[in-house]
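So the mapping is simple: the numbering used here equals the position in the sequence shown, first residue as 1, plus 224.
Reviewing the structure listed below.
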Amino acid sequence: MLHITGVPTYAGALYPGTDTTPAALRNSGLQLAFEQAGVSVTDAGDIALPDNLPRHNTAPVRNWPGPRLVWESITAQGESWFAPDKFNLLLGGDCSIIVGTTDYLAKLYGDKLYLIVIDAHVDVVKPDPEVCVGAAAMGLWFLTNENLLWTKPATISSEQITVVGCQQVLSEVYGIHTIALETLRESKLQSIAAVLAAIPDDAKLLVHFDVDAINQQEMPAAYAPSETGLTIVECKELLTRLVTDPRTIAMEVTEFSAQRDTDGSNAVSLIRLLSESISLGLKARPAKKVVRSMS
Numbered sequence: 225m226l227h228i229t230g231v232p233t234y235a236g237a238l239y240p241g242t243d244t245t246p247a248a249l250r251n252s253g254l255q256l257a258f259e260q261a262g263v264s265v266t267d268a269g270d271i272a273l274p275d276n277l278p279r280h281n282t283a284p285v286r287n288w289p290g291p292r293l294v295w296e297s298i299t300a301q302g303e304s305w306f307a308p309d310k311f312n313l314l315l316g317g318d319c320s321i322i323v324g325t326t327d328y329l330a331k332l333y334g335d336k337l338y339l340i341v342i343d344a345h346v347d348v349v350k351p352d353p354e355v356c357v358g359a360a361a362m363g364l365w366f367l368t369n370e371n372l373l374w375t376k377p378a379t380i381s382s383e384q385i386t387v388v389g390c391q392q393v394l395s396e397v398y399g400i401h402t403i404a405l406e407t408l409r410e411s412k413l414q415s416i417a418a419v420l421a422a423i424p425d426d427a428k429l430l431v432h433f434d435v436d437a438i439n440q441q442e443m444p445a446a447y448a449p450s451e452t453g454l455t456i457v458e459c460k461e462l463l464t465r466l467v468t469d470p471r472t473i474a475m476e477v478t479e480f481s482a483q484r485d486t487d488g489s490n491a492v493s494l495i496r497l498l499s500e501s502i503s504l505g506l507k508a509r510p511a512k513k514v515v516r517s518m519s
């Protein structure tokens, strides 16, 4: 029922840490936690990435073309990490992997694909030839803007993307729908119900969960921890609601830095959050109708 794949990369980031996350979560008992929660698991291992990805601080995109090589690898190996008959969990990796994941799913589902992004930031930084910035801050920009660095999926538009829990909404978000953390809390998380209700019944949903959406006190091992943010309890409720929706086909978890998690306690907290919310969501899904043959 659950298909797990790792994407061990920090090509879109400045410092290492997210590249060791898939191994750290597995070693801390990820699969066992799901099995104890009553979810059957298959683990496809890790996406094969090119050796010796470039590292540099040259504008406009740090480590380019490293991030693009990672996205191409994710797209090319889509059949290994995506199982259409299961719920798919991708373990990042820095948050720029959303570009490759979306690219592959858009090839399968075209304009039926919608993205719900849980993130403290709206990653729409535009590449600037005078400034070097990591692709982790640019993922949604690459998905919503025609550019010479990466060919965006033709079927993805800003109207198909919602960012939830952002702490600062930029003046230019290229038409992407945003729900600020304060608004989300004021609605007692009900604003996510309105988002889901506006998405077509035949859509396919990719949930991108950036762990820096959780407050620093509860998740200090986020790559870029936030002083304020969602509580783990709030995240559990939000993720459970999203997984309960039968249109949700995949979730990617990014920006957890195993390098910051010196005693392994944050990995255990993240595993508990994922296993509890995903298992509750899958069990709460409406039963599939059985079509009987008339012959």
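All C-beta atoms in this analysis are idealised placements derived from N, C-alpha and C, irrespective of residue type, glycine included.
On a predicted model such as this, the values are computed, not experimentally measured, just so you know.
Problem set entry | Cut-off 8 Å between Cβ atoms - residues of its own chain near Thr299, not counting five sequence neighbours on either side | Here residue 299 corresponds to residue number 75 of the sequence shown, with the count starting at 1. Same-chain partners within the cutoff: Gly324, Asp327, Tyr328 and Lys331.
For this session: Sort Pro449, Leu313, Lys350 and Ile438 by Cα distance to Asp457 and report the nearest one.
Result: Taking the first residue of the sequence shown as 1, we reach residue 457 at position 233. Just to set this straight, residue 457 is Val in the shown sequence, not Asp. Closest option to Val457, Cα to Cα, is Ile438.
Exercise. Using DSSP with H/G/I as helix, E/B as strand and the rest coil, what is Leu454?
Worked result: Taking the first residue of the sequence shown as 1, we reach residue 454 at position 230. Three-state result, Leu454: strand.
Exercise. What does a CB cutoff of less than 7 Å around Glu461 pick up in its chain, not counting 5 residues either side in sequence?
Worked result: The count along the sequence shown starts at 1 and reaches residue 461 at position 237. These residues qualify, in order along the chain: Leu413.
Exercise. What does Ala474 pair with, by DSSP beta-bridge criteria?
Worked result: Counting from 1 along the sequence shown, the entry for residue 474 is found at position 250. DSSP lists Asn312 and Leu430 as partners of Ala474.
Exercise. Just checking my contact of His432 with Val341 at CB under 8 Å: how many whole Å lie between their CB atoms?
Worked result: Indexing the sequence shown from 1 puts residue 432 at position 208. Indexing the sequence shown from 1 puts residue 341 at position 117. That pair is a contact at about 4 Å.
Problem set entry | First through last residue of the alpha helix (DSSP H) which encompasses Ala491 | In the sequence shown, the residue the question calls residue 491 occupies position 267. That run of the alpha helix (DSSP H) goes Ser489 to Ala508.
For this session: Please name the residue or residues paired with Phe480 in a DSSP beta bridge.
Result: The residue labelled residue 480 in the question sits at position 256 within the sequence shown. Partner(s): Ala446.
For this session: Indicate whether Leu367 and Val346 have their beta-carbon atoms separated by less than 8 Å.
Result: Stepping through the sequence shown from its first residue, residue 367 is reached at position 143. Stepping through the sequence shown from its first residue, residue 346 is reached at position 122. In this structure, Val346 does not lie closer than 8 Å to Leu367 by Cβ.
Problem set entry | N-terminal and C-terminal residue of the beta strand (DSSP E) that Val387 is part of | Numbered from 1 along the sequence shown, position 163 holds the residue referred to as residue 387. Where Val387 is concerned, the enclosing beta strand (DSSP E) stretches over Ile385 to Cys390.
Problem set entry | Cα-Cα separation between Asp270 and Arg250, rounded to whole angstroms | Mapped onto the sequence shown, residue 270 falls at position 46. Mapped onto the sequence shown, residue 250 falls at position 26. One C-alpha to the other measures close to 11 Å.
Problem set entry | Beta-carbon contacts of Ser450 that lie in its chain and below 7 Å, excluding the five residues immediately before and after | Position 226 of the sequence shown holds residue 450. By the criterion of a C-beta distance shorter than 7 Å, Ser450 is surrounded in its chain by Ala344, Gln391, Asp436, Asn439 and Gln440, once the five residues flanking it on both sides are discounted.
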